[in-house]
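What follows is a set of notes on a single structure, which appears directly below.
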Amino acid sequence: MTYIAKPRVSHPGLPKNELGLTSRDYEGAVSTLCAGCGHDSVTAAIIQAVFELNVEPHMLAKMSGIGCSSKTPAYFVSQSHGFNSVHGRMPSVTTGANAGNRDLMYIGVSGDGDSLSIGVGQFVHAIRRNLNMCYVIENNGVYGLTKGQFSASADIGSLPKKGMPNQQEPIDPVSTALSLGATYIARSFSGDKEQLVPLLKGALLHSGFSLVDIISPCVTFNDHEGSTKSYAHTREFYHHVVNIDYVHPSEEIKAAYAEGEAMPIHLHGGDTIVLRKVDEGYDPTSRASAFKFLRDRFNAGEITTGLLYVNESREEMHELMHNADTPLSKLKFEDLNPGAAELEKLQRRFR
Amino acid sequence: MAAVNDVVIKIATVNGTGSASANGLLRKSIFRMGVPVVGKNYFPSNIQGLPTWYEIRVTGDGYHARSNRVDVMVAMNAQTYARDMAEVVPGGWLIYDSTWPRSALLNRDDISVIGIPLSRMCNERFDGARARILMKNIAYVGAIAALLDIDLDVITALLEETFAAKEHLIASNMEAIRLGHDYAREHFACPLPVHVERMDATKGHIVIDGNTAAGLGCVYAGATVGAWYPITPSTSLMDAFRTYCSKYRVDPETEKRTYCIIQAEDELAAIGMVLGANWVGARSFTPTSGPGISLMSEFIGFAYYAEIPAVIFNVQRTGPSTGMPTRTQQCDIVSCAYASHGDTMHVLLFPADPAECFYMAPLAFDLSERLQTPIMVLSDLDIGMNDWMVPELEWDENYVPDRGKVLGAEELEQMDKFYRYLDVDGDGITYRTLPGEHPKGAYFTRGSGHSKLGGYTEDSDEYQEVVDRLLVKWETARNMVPEAEIRYSKFNKAAILTYGSGDGACKEALDRLEARNIGLNYCRVKAFPFTEAVRSFIEQHEVVYVVEQNRDAQFRTLLINDIDADQNKLVPLLHYNGMPINAGFVVEKVLEEIAKGRAA
Ligand SMILES: Cc1ncc(C[n+]2csc(CCOP(=O)(O)OP(=O)(O)O)c2C)c(N)n1
Ligand code: SF4
Ligand SMILES: [Mg+2]
Chain A
96 MTYIAKPRVS HPGLPKNELG LTSRDYEGAV STLCAGCGHD SVTAAIIQAV
146 FELNVEPHML AKMSGIGCSS KTPAYFVSQS HGFNSVHGRM PSVTTGANAG
196 NRDLMYIGVS GDGDSLSIGV GQFVHAIRRN LNMCYVIENN GVYGLTKGQF
246 SASADIGSLP KKGMPNQQEP IDPVSTALSL GATYIARSFS GDKEQLVPLL
296 KGALLHSGFS LVDIISPCVT FNDHEGSTKS YAHTREFYHH VVNIDYVHPS
346 EEIKAAYAEG EAMPIHLHGG DTIVLRKVDE GYDPTSRASA FKFLRDRFNA
396 GEITTGLLYV NESREEMHEL MHNADTPLSK LKFEDLNPGA AELEKLQRRF
446 R
Chain B
936 MAAVNDVVIK IATVNGTGSA SANGLLRKSI FRMGVPVVGK NYFPSNIQGL
986 PTWYEIRVTG DGYHARSNRV DVMVAMNAQT YARDMAEVVP GGWLIYDSTW
1036 PRSALLNRDD ISVIGIPLSR MCNERFDGAR ARILMKNIAY VGAIAALLDI
1086 DLDVITALLE ETFAAKEHLI ASNMEAIRLG HDYAREHFAC PLPVHVERMD
1136 ATKGHIVIDG NTAAGLGCVY AGATVGAWYP ITPSTSLMDA FRTYCSKYRV
1186 DPETEKRTYC IIQAEDELAA IGMVLGANWV GARSFTPTSG PGISLMSEFI
1236 GFAYYAEIPA VIFNVQRTGP STGMPTRTQQ CDIVSCAYAS HGDTMHVLLF
1286 PADPAECFYM APLAFDLSER LQTPIMVLSD LDIGMNDWMV PELEWDENYV
1336 PDRGKVLGAE ELEQMDKFYR YLDVDGDGIT YRTLPGEHPK GAYFTRGSGH
1386 SKLGGYTEDS DEYQEVVDRL LVKWETARNM VPEAEIRYSK FNKAAILTYG
1436 SGDGACKEAL DRLEARNIGL NYCRVKAFPF TEAVRSFIEQ HEVVYVVEQN
1486 RDAQFRTLLI NDIDADQNKL VPLLHYNGMP INAGFVVEKV LEEIAKGRAA
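So the sequence lines, in the order shown, correspond to chains A and B.
The numbering of the first sequence is my numbering, which starts it at 96 and goes up by one.
The numbering of the second sequence is my numbering, which starts it at 936 and goes up by one.
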């Protein structure tokens, strides 16, 4: 039996989705982040994505670690369960939750500190397992919540507000994910909702691990001149390669997508996304060419964005492990317990 | 020296040479003769080439602990020959492989030395290096069988069971048994004055290790998600869970599994997975040892405060740090009781043997879901990896798992509004909901300050209200945990108090002290927090010997801390060299204390 979330307040003018909910019904508590923080824009994009995907709020699980970014699940879909875990450990909690209930849609929100320093181990291992989740990194190059220290995603030469420029090689979540075999990898910008919302939708619907690395400037500690994660810098060096459109199962895919120019990708759940190449030289289905392209553009100082890699053919964690289709948490005790007679029998070995 | 069914045989070998199955065969045949046995492994933290020992205590009295004595040493390892010989009690025996001459310098004239050319005989009879080594092991079993009068029919029956599918192996193994057996018979007076005689004391019993029993207990408890990172001595617990799951939890048609075992990247991840799974309502656990607990601590505190069930088996090994990973201790008592920063306290269970490891598994899940908090089962290497005779395990078909206060969709539908941390019943336990049930059940699980309504807070009163309520829950837990085992010998002002694997040695010590007219009362604690019975037991006595296997008297600290026990009464008797505690130690220490003038 499913229970439909009740519209919280009626907003007669607002459009409704198939569940009869408006985007307001997907909102959460009021954000306490700094005014202008990129993370709030990502929150808004997530709200729009789940609203448009007709996600039943109680079937969504919102996971996070610790940081300004990790606070944000409190600011969207308050009718979903949230799990604000400990610093850097969101992937393990999500892995266990997903192991226990594979029917939920999992979105994890993390920061560059949370995912690339303290939590880098869990981040890479969730990818290796091809955990079925949408993993969002709100990437600002700093630890916002502890007041602006460089994170591991800070670029060489990027200037802090005070002190020496960063000299260490950055960890790029996108190429890391690519090398580890993540099956849906996207990069976007908090300031580009038009690109971001469809990327999030595809990520939420993708079966397996999907990474959405979002440049999300920290206005308080890393938005000044000389920072490579500022709004201005990102806008200037932002380079779209592949954007996507989400196609509802009921919609027909238009034959008008010319070969090479657009490519429909059928997702496991029956949905389809259509890739729209902005840069003809980019092939999002080849890991090798994606690597090279990303490296080259990175060396040229560009920030490559869009759907950078997708592979619908690899099995996700449960499929790889041959787990029951029914969520493990829903199995009946009688079906799990071998019973007294069997216990008697199996102990013969111990006599 | 003569004794029937009271003999300790210790077999010294090199690890990685396949002696385990030979030793198991020997131990099982004695058990099959109806005689109680205890089997202990003393092994190195190494895969191949280092000394390892297996000790079989034949105990007609049915004691559980190791005996601090070796009557018959089977010295198969040249490396340790000198120290193995030194360990034999005066009047005892030493069996060695006389294929190679041993140094005359190593002789002891207070023991009898029995040389059997095991290698030579096996090399003549068997082909292939590996087979020769394996058969040499089987041959010493044959020699011991002759010397201790172990029934060859029993051995044959065991070999037939073991190799039911590989008939040729039965014949070759029997041949090796005969080699050793016949040689011993021909050259030495058999049986020795210490030997085995049939009894009827093992009926209704099994011999099992604690990790196997705990893994099996998790299957019976309905656990579905196991997350772990390998660490000695806990690894075989997950191995057992896997073995029984692959037997009982795989659909024969679809081959789909109703369990999920995840080998995590480390213990931080393992416990994170356990919390995630329990959060969605799947029974989930992790087995680990001390270093794992250190790594898990942040999450354990999270689970305490956010109130998430979790079951952790800590199979303790010798610390601190890496310590002696293949030796036993009860050294994580304090670190588990108060794991994590901030004011945290955790419910601990102390199984005393493998049977309790089995029964405490479903109990731990029930308590963790009822109390919505992590439960740690504190086993140790001695229980977890050694062979204990225990009554056959039984399953009560009427058992219904206690899933605790979980609101279902129907109940939520009827409710006006759900608040996660509201103490509706006054027992400190609040209602929880599972994701995916109902939008009204949604709440935000967090380790940051929260009010009873579940919202984020930095308000002093709201914060304090929740942490104070957790103390109410702690008192509820005190009334829910299993009661201590308490025995009165005759009225006496002195007592022994212990827990976990200290039980066997203490009970045996009580018998020995009784024989000297020192009657002590006994309390074996099964859980933390301590029950009212434990508190009043201590109060009734003038002296309580607290027997434990760590240097710092950690349990004594807990008694003082949790129930304000009078520390002047609590005399620590501490055994912490890494070997399992034995009764002789307890007796000696009690006598020493008495001699010092403490009442007994
Ligand atoms: C174990 C632990 N160490 C340190 C901290 C302090 N801390 C909180 S948030 C944070 C960094 C967060 O950075 P990021 O993930 O990039 O999030 P942002 O605030 O930038 O969005 C740190 C170091 C902590 N909460 N826990
Ligand atoms: S400190 Fe930076 S990251 Fe944190 S809320 Fe403010 S702007 Fe956002
Ligand atoms: Mg950051």
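From the three backbone atoms N, C-alpha and C, an ideal C-beta is built for every residue, glycine too.
All values reported here derive from a predicted model rather than from experimental measurement.
With 16 other Cβ atoms within 10 Å as the buried cut-off, status of residue i
i: A/Gly297; result: buried
i: B/Trp988; result: buried
i: A/Met259; result: exposed
i: B/Lys1138; result: exposed
i: B/Ile991; result: buried
i: A/Gly183; result: buried
i: B/Phe1061; result: buried
i: A/Lys157; result: buried
i: B/Asn1249; result: buried
i: B/Trp1035; result: exposed
i: A/Ser274; result: exposed
i: A/Asn149; result: exposed
i: A/Gly108; result: exposed
i: A/Gly364; result: exposed
C-alpha distance - residue i paired with residue j, whole-angstrom precision
i: B/Lys1425; j: B/Arg1120; result: 49 Å
i: B/Ala1162; j: A/Ser187; result: 10 Å
i: B/Val1185; j: B/Phe1293; result: 22 Å
i: B/Leu1284; j: A/Tyr326; result: 55 Å
i: B/Leu1526; j: B/Lys1461; result: 26 Å
i: A/Ala350; j: A/Met358; result: For A/Ala350, the predicted model reports a pLDDT of 45, less than 50, meaning its position is unreliable; a value from the coordinates is still stated below. A/Ala350 and A/Met358: Cα-Cα distance of roughly 10 Å.
i: B/Ala1450; j: B/Val1522; result: 11 Å
i: A/Met154; j: A/Met200; result: 6 Å
i: B/Leu1172; j: B/Asn1146; result: 4 Å
i: B/Met1350; j: B/Gln1307; result: 22 Å
i: B/Val1007; j: B/Ile944; result: 5 Å
i: A/Val336; j: A/Glu346; result: 25 Å
i: A/Asn432; j: B/Asp1331; result: 11 Å
i: B/Gly1532; j: B/Lys1428; result: 14 Å
i: B/Met1295; j: B/Glu1418; result: 13 Å
i: B/His1103; j: B/Ser1002; result: 38 Å
Contact test: residue i Cβ vs ligand 1 heavy atom, cutoff 8 Å
i: A/Asn261; result: no
i: A/Thr323; result: no
Pair within 9 Å by beta-carbon distance, residue i and residue j
i: A/Gly236; j: A/Asp209; result: no
i: A/Gln263; j: A/Ala249; result: yes
i: A/Ala169; j: A/Gly123; result: yes
i: A/Gln217; j: B/Ala1204; result: yes
i: B/Ile1247; j: B/Thr1223; result: yes
i: B/Glu1372; j: B/Leu1342; result: yes
i: B/Gly1363; j: B/Trp1409; result: yes
i: B/Gly1437; j: B/Ala1287; result: yes
i: B/Ala957; j: B/Ile1051; result: no
i: A/Leu233; j: A/Ile309; result: A small correction: the amino acid at residue 233 of chain A is Glu; Leu does not occupy that position in the sequence shown. Yes. Within cutoff.
beta-carbon residue i near ligand 3 non-hydrogen atom, thresh 8 Å
i: A/Ser164; result: yes
i: A/Cys313; result: yes
i: A/Val237; result: yes
i: B/Glu1420; result: no
Closer than 8 Å: residue i CB and nearest ligand 2 heavy atom
i: B/Cys1195; result: no
Contact with chain E by residue i, beta-carbon distance below 9 Å
i: A/Met358; result: Judged by its chain identifiers, the structure shown contains no chain E, and its protein chains are A and B.
Query raised in the report: the region 264-282 of chain A: which residues have C-beta closer than 7 Å to a C-beta of chain B, in chain order?
Result: none
Query raised in the report: According to a CB-to-CB cut-off of less than 9 Å, which residues of the region 1359-1374 of chain B neighbour chain A?
Result: Thr1368, Leu1369, Pro1370, Gly1371, Glu1372, His1373, Pro1374
Requested in this report: Could you please tell me which residues of the region 967-978 of chain B, in chain order, have their CB closer than 7 Å to any CB of chain A?
Outcome: none
Query raised in the report: Along the region 185-198 of chain A, what residues have a CB closer than 9 Å to any CB found in chain B?
Result: Met185, Pro186, Ser187, Val188, Thr189, Thr190, Gly191, Ala192, Asn193, Ala194, Gly195, Asn196, Asp198
Query raised in the report: Any residues in the region 1192-1213 of chain B with a beta carbon nearer than 9 Å to a beta carbon of chain A? Which ones, in chain order?
Result: Arg1192, Thr1193, Tyr1194, Cys1195, Ile1196, Ile1197, Ala1199, Glu1200, Asp1201, Leu1203, Ala1204, Ala1205, Ile1206, Gly1207, Met1208, Val1209, Leu1210, Gly1211, Ala1212, Asn1213
**Report entry** Residues, ordered as in the chain, of the region 134-151 of chain A that lie near chain B by beta-carbon distance below 7 Å
**Finding:** none
Requested in this report: Below 9 Å between beta carbons is the criterion; list the residues of the region 1134-1156 of chain B that meet it against any residue of chain A, in chain order.
Outcome: The region 1134-1156 of chain B vs chain A, Cβ under 9 Å: Thr1137, His1140, Ile1141, Val1142, Ile1143, Thr1147, Leu1151, Val1154, Tyr1155, Ala1156.
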